[in-house]
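Visitor:
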Amino acid sequence: MRNQIVCNCNGVSKREIEAVVKGGHYLLPEVIRCTGAAGSCGRCRPLIEEIIADYLMKQQTFQTVINWSGND
Ligand code: FES
1082 MRNQIVCNCN
1092 GVSKREIEAV
1102 VKGGHYLLPE
1112 VIRCTGAAGS
1122 CGRCRPLIEE
1132 IIADYLMKQQ
1142 TFQTVINWSG
1152 ND
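For reference, each letter of the sequence shown is one residue, going 1082 to 1153 in my numbering.
#1: Taking buried to mean at least 16 other C-beta atoms within 10 Å of its own C-beta, is Ile1113 buried or exposed?
#2: Who are the near neighbours of Ser1094 in its chain, counting only those whose CB is closer than 6 Å to its CB and skipping five residues on each side?
#3: Between the Cα of Leu1108 and those of Ile1129, Gly1092, Gln1140, spot the shortest distance and give me the residue it belongs to.
#4: How big is the Cα-Cα spacing for Pro1127 and Cys1088?
#5: Where Thr1142 and Lys1103 are concerned, what is the direct C-alpha to C-alpha distance, given to the nearest angstrom?
#6: Check whether the Cβ of Arg1124 lies closer than 6 Å to any heavy atom of the ligand FES, and answer yes or no.
#7: For a minimum of 4 consecutive residues, which ranges assigned as the alpha helix (DSSP H) are wholly contained in the stretch 1103 to 1130?
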């Protein structure tokens, strides 16, 4: 569910967070500043960090496959 709400206090969805991360904001403070998430109770911070980590891990895997393919 990409459009699930991650930050209930501020109504920020997973999709919104992913869009910011895909836009090159990989640091938690940047994501918070751009989305307004985690600006209240902060309980959503671990979820936001997880979304960032998932994206970066997928990017790293993709880049590794590209590099490996290019060395044939
Ligand atoms: S759930 Fe995000 S600040 Fe409270």
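Cβ coordinates follow ideal geometry from the N, Cα and C atoms, glycine included. Note that the structure is predicted; figures quoted are calculated from it, not measured.
Guide: Let's see:
#1: buried
#2: Asn1084, Ile1086
#3: Ile1129
#4: 11 Å
#5: 15 Å
#6: yes
#7: 1109 to 1116
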